[in-house]
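These notes are about the structure you will find just below.
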Ligand SMILES: Cc1cc2nc3c(=O)[nH]c(=O)nc-3n(C[C@H](O)[C@H](O)[C@H](O)COP(=O)(O)OP(=O)(O)OC[C@H]3O[C@@H](n4cnc5c(N)ncnc54)[C@H](O)[C@@H]3O)c2cc1C
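Numbering (the working numbering), first residue to last: 2 to 385.
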């Protein structure tokens, strides 16, 4: 985006351009197929890996691109602008699976998993939600019981992005419910090599249709001790820290969708005629475009601010929640106005306007609903 006020370094601008070029050249031509056919774009995986987009923040010593979090947000935004499904496949892999292994893993775990995740040999996912609990993440019922040879796991995790295609999952369990959130453990699960582990049917969703979502069942699965991430009882902390980072990615995804809605609507307004002039000359349409533009830029600034604070090791829980809350609501609002500007053409699948709305909606739900983001922001404000 020309003339944008937030200062980006030379390297960040290069990453942004690389992502935008890749998105336009390789992802955009597939976007309608991905949406209409609920198609998982497997042919993009080697290309994403080549560009370093599957190990964005992984240090080079583990085979990653070694980039910062602002660069990560830029990549997700550019991918989401053309295909929200592709952007969430990449963001769940990077921020939700690689993120906690990078931050909390032992040296052995990092050496074992990060190179394969960063090159796309393994695809990652993150399993916190369950059929009976999403927002109330401390109420886990998937159980882990310590045995002589490791940990016995039983339970179901629900709505897991990438699960049908994934190899590695960072998965949360309850060990001791009497300890509340301090009784939760996190594990690295090799989905294809763990006896008793099975993946459910692919969910038939409203939007992000090419992003595969399914549940994961663990039926008496025995995980060796070395699959535990950090210490027993650290699971909830790992989940919350991971979601702070993840929310910057979802905010960036929402910014990308909102930008796409604005760009398409602007172009359409310049072409469509009503009452003897293009609709861009009607003030109501101009007002919509102006408001969309404000929301896009404000959402983007919040997203970069949260991401930069993460890069600078500053607290960013509040900023990430603000970015995710504002950007997701902006994306839904912009997508709705984009449809309005397209009139009847906005309501049919010949144009992308309706896809932006279906894709935008999930950004208000996953990685913490808008209601939960407001709770997080308020609790940070009210903290003494
Ligand atoms: C497509 C998709 C992909 C997903 N991917 C993943 C994934 O990869 N990994 C994963 O672990 N999860 C994933 N999820 C789950 C997602 O994070 C949860 O759906 C979300 O956190 C909400 O949980 P819930 O669905 O159980 O809703 P609930 O928690 O039952 O909430 C229902 C409603 O009540 C509101 N509510 C709940 N508690 C409060 C409160 N205290 N105050 C005010 N309002 C409240 C909520 O905001 C919501 O509006 C995914 C979900 C979807 C749909």
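Yeah, the Cβ is synthetic: ideal placement off N, Cα and C, and Gly gets one too.
Straight-line gap, residue i to residue j (C-alpha atoms, nearest Å)
| i | j | result |
| --- | --- | --- |
| residue 314 | residue 247 | 15 Å |
| residue 252 | residue 320 | 11 Å |
| residue 331 | residue 348 | 19 Å |
| residue 101 | residue 287 | 44 Å |
| residue 340 | residue 362 | 14 Å |
| residue 120 | residue 162 | 19 Å |
| residue 150 | residue 383 | 45 Å |
| residue 142 | residue 242 | 21 Å |
| residue 183 | residue 317 | 22 Å |
| residue 16 | residue 221 | 44 Å |
| residue 56 | residue 123 | 11 Å |
From the options, residue whose alpha carbon lies closest to that of residue i
| i | options | result |
| --- | --- | --- |
| residue 49 | 186, 289, 79 | 79 |
| residue 99 | 37, 171, 324, 33 | 171 |
| residue 270 | 258, 41, 290 | 290 |
| residue 91 | 250, 61, 107, 217 | 250 |
| residue 210 | 24, 19, 235, 40 | 40 |
| residue 268 | 142, 31, 280 | 280 |
| residue 208 | 64, 303, 35, 200 | 35 |
| residue 292 | 357, 105, 312, 259 | 259 |
| residue 1 | 217, 182, 213 | Because residue 1 is not part of the residues shown, which for the chain are 2 to 385, the question remains open. |
| residue 329 | 351, 303, 95, 277 | 303 |
| residue 198 | 224, 351, 316, 9 | 224 |
| residue 244 | 367, 274, 146, 164 | 367 |
| residue 9 | 73, 37, 54, 44 | 73 |
| residue 357 | 132, 337, 372, 323 | 337 |
| residue 327 | 29, 254, 21, 179 | 254 |
| residue 68 | 282, 96, 81, 43 | 96 |
Residue i, DSSP secondary structure in three states
| i | result |
| --- | --- |
| residue 221 | strand |
| residue 158 | strand |
| residue 59 | coil |
| residue 187 | strand |
| residue 153 | strand |
| residue 2 | Residue confidence is low: residue 2 scores 49 on pLDDT, short of 50, so the model does not pin down where it sits. No coordinate-derived value is stated. |
| residue 170 | strand |
| residue 229 | strand |
| residue 84 | coil |
| residue 299 | helix |
| residue 199 | strand |
| residue 125 | strand |
Contact test: residue i Cβ vs ligand 3 heavy atom, cutoff 7 Å
| i | result |
| --- | --- |
| residue 219 | This structure simply doesn't include ligand 3; it includes ligand 1 instead. |
Cβ-Cβ distance between residue i and residue j below 8 Å
| i | j | result |
| --- | --- | --- |
| residue 154 | residue 114 | no |
| residue 139 | residue 185 | yes |
| residue 32 | residue 83 | yes |
| residue 176 | residue 233 | yes |
| residue 309 | residue 256 | no |
| residue 173 | residue 215 | no |
| residue 312 | residue 71 | yes |
| residue 231 | residue 187 | yes |
| residue 63 | residue 116 | yes |
Proximity test, Cβ basis, 8 Å: residue i and chain C
| i | result |
| --- | --- |
| residue 169 | The structure shown contains no chain C, having only a single protein chain. |
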